[in-house]
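Participant: Just add 99 to the spot in the sequence shown (first one is 1) and you have the numbering used here.
Note that the Cβ used here is the ideal one computed from N, Cα and C, for glycine as well.
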Amino acid sequence: MSGTITPTATDAPLQAGLLSSFFDEAAARFSNAPAIDFLGRHFSYREIAELVDRAAVGLQSLGVEKGTRVGLFLPNTPYSVIAFFAVLKVGGVVVNYNPLYAEPEVRHQVQDSGTRVMFVLDLADHYNKVAAQLGNGTLQHIIVCPLGRAMPGLKGAAFTLLKRKTLIKAKPDAQNSVFAALVAQGGSPKPVALDPSAPAVLQYTGGTTGVPKAAVLTHSNLTIQVQQLVRWIPEYTPGSERVLGILPLFHVFAMTVVMLVGIACGAEMLLLPRLDLDMLMKTVTRRRPTMAPGVPTLYTAIANAADKTKGVDLSSIRICLSGGAPLPDEVRVRFEKLTGCVLVEGYGLSEASPVVTINPPGTAGKPGSVGLPVAGTVIEIRSIDDPNKLMPQGESGEVCIRGPQVMAGYWNRPDETARVMIDGALRTGDVGYIDADGYLFLVDRLKDLIICSGFNVYPRTIEEALYRHPAVAEAAVIGIPDQYRGEAPKAFVQLRAGMTATPEEIMTFLQGHISKIEIPREIEIRDSLPKSTVGKILRRSLADEEKQRAKAKAERAA
């Protein structure tokens with residue numbers, strides 16, 4: 100057996116389609132079923148479908164048409180779902196934004212994607228980062244979504260009153276409108292002719308270089324990915340499941356596994372705008388989710404909170420898929436003991452919509468494995484030294500993927516696209532092998548990517564921010580093990596001659612330049628950094644030093 104996993108002969112054909120049609124069909128099928136619970140406010144599939152149509156009409160009145168890039172600068176709220184499908188219904192392309200981004204990161208993404216319209220909450224710190232881009236590129240219009248209006252009546256009114264100093268009052272003009280006005284016109288949107296191969300989502304990722312770029316995910320990619328994942332779910336009752344929506348929908352894993360798969364199942368999405376453990380546990384206790392996609396840190400957080408809270412019953416959770424970061428076995432065992440469900444691990448990346456492999460349902464699969472390929476997917480193991488050579492079964496090499504969920508390419512970056520493709524297969528930059536039963540095992544990563552709480556954190560982004568500090572001469576960032584987040588960034592800094600700065604001062608400086616998830620756990624100031632003969636800073640040397648330091652510490656503790 101060669102180092103290739105192919106789909107089984109019993110796989111039924113996968114049908115490419117349009118996400119707008121996919122949503123309309125699900126909304127019609129589950130019309131009266133609950134679609135969203137947002138902090139106690141409930142929306143049925145019929146209500147969401149009506150709002151999607153109204154928002155689509157409003158977008159067309161703003162000039163949004165086939166190919167227009169529309170940004171979603173939103174945490175998990177009903178606006179996230181409504182805006183997503185409204186954009187797609189008029190032929191637009193969704194650009195997902197992380198609201199935690201610092202302003203320079205927002206600016207890069209707006210300019211790179213050509214985002215013309217942006218949905219954003221009325222939170223001042225969110226709105227101001229977006230408004231700064233008006234007239235500074237392609238952004239022409241902002242649609243302000245009042246957070247209080249998405250909550251139940253009294254709760255929303257109280258929130259708006261108590262948080263009034265942190266909210267903005269949008270004044271409708273040529274550059275701003277409010278969501279209520281967008282959906283006020285009624286009627287049906289004008290039909291738009293689209294092919295399933297058309298772009299649906301621009302999902303930003305750093306790829307192998309650390310420079311943020313957008314994976315172009317088509318309607319075909321995403322509708323087929325939904326079919327691949329629904330086949331994996333062992334047993335579910337259409338229109339009766341409840342999926343925990345704590346993972347952010349702007350992240351490709353949640354967009355697909357929480358929102359798209361949830362809708363395909365007619366599940367009610369229990370959306371939470373942020374990770375607040377008290378809010379999370381109240382939601383779990385009150386609504387008893389049956390599906391709980393997550394990353395290892397989320398399962399750890401739930402287990403920790405359950406240990407501290409008397410009477411918490413997690414037995415309703417039956418379907419769990421862990422992704423985004425390696426799943427420690429102790430986390431799996433602990434969560435399974437609390438819930439009684441089997442926590443299975445999968446593997447994927449933004450460029451593959453994102454899921455590539457999953458351990459079989461109803462079993463934990465093989466220890467250390469990320470599972471078998473989803474339907475229609477071929478995994479190849481290619482030589483690291485010679486990518487044109489396929490490795491024999493059991494031998495390690497670069498994991499490469501073929502499948503209908505693989506992206507159309509990177510947005511406006513043909514050279515980058517060519518760099519990650521080999522004979523039509525996607526090069527992942529991950530090292531792994533396939534065992535005799537066809538299970539994929541990951542060994543290492545070729546890229547310097549740090550996976551922190553399931554998010555991709557790129558050393559180069561942090562290093563560039565460090566270099567903006569006036570006292571920093573040189574900087575390097577690596578990933579170090581973190582018990583809670585899986586990995587965390589650590590920065591090494593050499594100061595300029597004659598200048599001083601403490602790690603605390605540098606840490607404070609970074610807070611205005613990068614997102615919270617990118618803030619290093621530790622900053623170490625050194626007299627010099629290791630370099631190659633041509634002067635390149637050697638991250639690997641720093642990583643090796645950290646491993647030796649951790650090993651010595653463990654030995655002393657023993």
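Kindly list the residues whose CB is nearer than 7 Å to the CB of threonine 601, restricted to its own chain and excluding five residues on each side of it in sequence; keep chain order.
Facilitator: Counted from its first residue, the sequence shown places residue 601 at position 502. Nothing listed; no residue qualifies.
Participant: For the candidate residues Pro288, Asn227, Lys268, Arg263, whose alpha-carbon lies nearest to that of threonine 148?
Facilitator: Position 49 of the sequence shown holds residue 148. The displayed chain sequence assigns alanine, not threonine, to residue 148. Of Pro288, Asn227, Lys268, Arg263, the residue nearest in Cα terms is Pro288.
Participant: Who are the near neighbours of tryptophan 331 in its chain, counting only those whose CB is closer than 7 Å to its CB and skipping five residues on each side?
Facilitator: Residue 331 sits at position 232 when you count from the first residue of the sequence shown. Taken in chain order, the residues that qualify are Ile457, Pro460, Val473.
Participant: At 4 residues or longer, and completely inside the stretch 226-312: list those alpha helix (DSSP H) runs for me, N to C.
Facilitator: 252-261, 278-281, all fully within the stretch 226-312.
Participant: So, using beta-carbon positions, are threonine 317 and alanine 297 closer together than 9 Å?
Facilitator: Walking along the sequence shown from the start, residue 317 turns up at place 218. Walking along the sequence shown from the start, residue 297 turns up at place 198. Contact: yes.
Participant: Identify the continuous alpha helix (DSSP H) that holds valine 219 and give its terminal residues.
Facilitator: Taking the first residue of the sequence shown as 1, we reach residue 219 at position 120. Counting along the chain, valine 219 falls outside any alpha helix (DSSP H), though it belongs to the beta strand (DSSP E) covering 216-220.
Participant: With DSSP as the reference, identify every bridge partner of asparagine 511, one or two as the case may be.
Facilitator: For the purposes of this step, residue 511 is identified with residue 412 of the sequence shown, where counting begins at 1. DSSP lists no partner for asparagine 511.
Participant: Less than 9 Å between the beta carbons of alanine 657 and glutamate 623, yes or no?
Facilitator: Residue 657 sits at position 558 when you count from the first residue of the sequence shown. Residue 623 sits at position 524 when you count from the first residue of the sequence shown. Not in contact: alanine 657 and glutamate 623 (Cβ atoms no closer than 9 Å).
Participant: Give me the Cα-Cα distance between valine 411 and glutamate 573, rounded to the nearest whole angstrom.
Facilitator: Counting from 1 along the sequence shown, the entry for residue 411 is found at position 312. Counting from 1 along the sequence shown, the entry for residue 573 is found at position 474. Spanning the two alpha carbons is a distance of roughly 49 Å.
Participant: Is the CB-CB distance between glycine 553 and glycine 422 below 9 Å?
Facilitator: Residue mapping note: residue 553 aligns to position 454 of the sequence shown, counting from 1. Residue mapping note: residue 422 aligns to position 323 of the sequence shown, counting from 1. Yes, they are a contact pair.
Participant: According to DSSP, which residues form a beta bridge with proline 588?
Facilitator: By one-based count along the sequence shown, residue 588 stands at place 489. Per DSSP, Gly578.
Participant: Would you kindly report the start and end of the unbroken beta strand (DSSP E) that includes threonine 382?
Facilitator: To locate residue 382, count along the sequence shown from 1; it is residue 283. Unbroken run through threonine 382 is the alpha helix (DSSP H), 376-386; no beta strand (DSSP E).
Participant: With distances taken Cα to Cα, identify the nearest neighbour of glycine 157 among Glu604, Gly166, Val186, Phe137.
Facilitator: In the sequence shown, counting from the first residue as 1, residue 157 sits at position 58. The residue with the shortest Cα to Cα distance from glycine 157 is Val186.
Participant: Which of helix, strand or coil does DSSP assign to glycine 553?
Facilitator: Walking along the sequence shown from the start, residue 553 turns up at place 454. Reduced to three states, the DSSP call for glycine 553 is coil.
Participant: Does the Cβ-Cβ distance between glutamate 340 and alanine 134 come in under 9 Å?
Facilitator: By 1-based counting over the sequence shown, the position of residue 340 is 241. By 1-based counting over the sequence shown, the position of residue 134 is 35. Cβ distance not < 9 Å, so glutamate 340 and alanine 134 don't count as in contact.
Participant: Pull up the CB-CB distance for glutamate 435 and leucine 426, whole angstroms please, since I reckon it's below 8 Å.
Facilitator: Here the question's residue 435 lines up with position 336 in the sequence shown. Here the question's residue 426 lines up with position 327 in the sequence shown. Not a contact, Cβ separation roughly 11 Å.
Participant: Where do the ends of the alpha helix (DSSP H) carrying tyrosine 398 lie?
Facilitator: Residue 398 sits at position 299 when you count from the first residue of the sequence shown. It spans 395-407 - the alpha helix (DSSP H) in which tyrosine 398 sits, taken as one unbroken run.
Participant: To the nearest angstrom, how far is the alpha carbon of aspartate 485 from that of glycine 170?
Facilitator: Working through the sequence shown from its first residue, we reach residue 485 at position 386. Working through the sequence shown from its first residue, we reach residue 170 at position 71. The straight-line gap from Cα to Cα measures roughly 40 Å.
Participant: Name the DSSP bridge partner or partners of cysteine 419?
Facilitator: Along the sequence shown, one-based indexing puts residue 419 at 320. Paired residues: Leu442.
Participant: Would you kindly check if the distance between the Cβ of leucine 301 and the Cβ of asparagine 195 is under 9 Å?
Facilitator: Locating residue 195 in the sequence shown gives position 96, where the first residue counts as 1. Locating residue 301 in the sequence shown gives position 202, where the first residue counts as 1. Contact flag set, yes.
Participant: Would isoleucine 418 and methionine 380 be called neighbours here (beta carbons separated by less than 9 Å)?
Facilitator: Working through the sequence shown from its first residue, we reach residue 418 at position 319. Working through the sequence shown from its first residue, we reach residue 380 at position 281. Against a cut-off of 9 Å, the Cβ pair of methionine 380 and isoleucine 418 comes out as no contact.
Participant: Hey, out of Glu563, Ala564, Val180, whose CA is closest to serine 143's CA?
Facilitator: Stepping through the sequence shown from its first residue, residue 143 is reached at position 44. Taking the Cα of serine 143 as reference, the smallest distance to any Cα among Glu563, Ala564, Val180 is reached at Val180.
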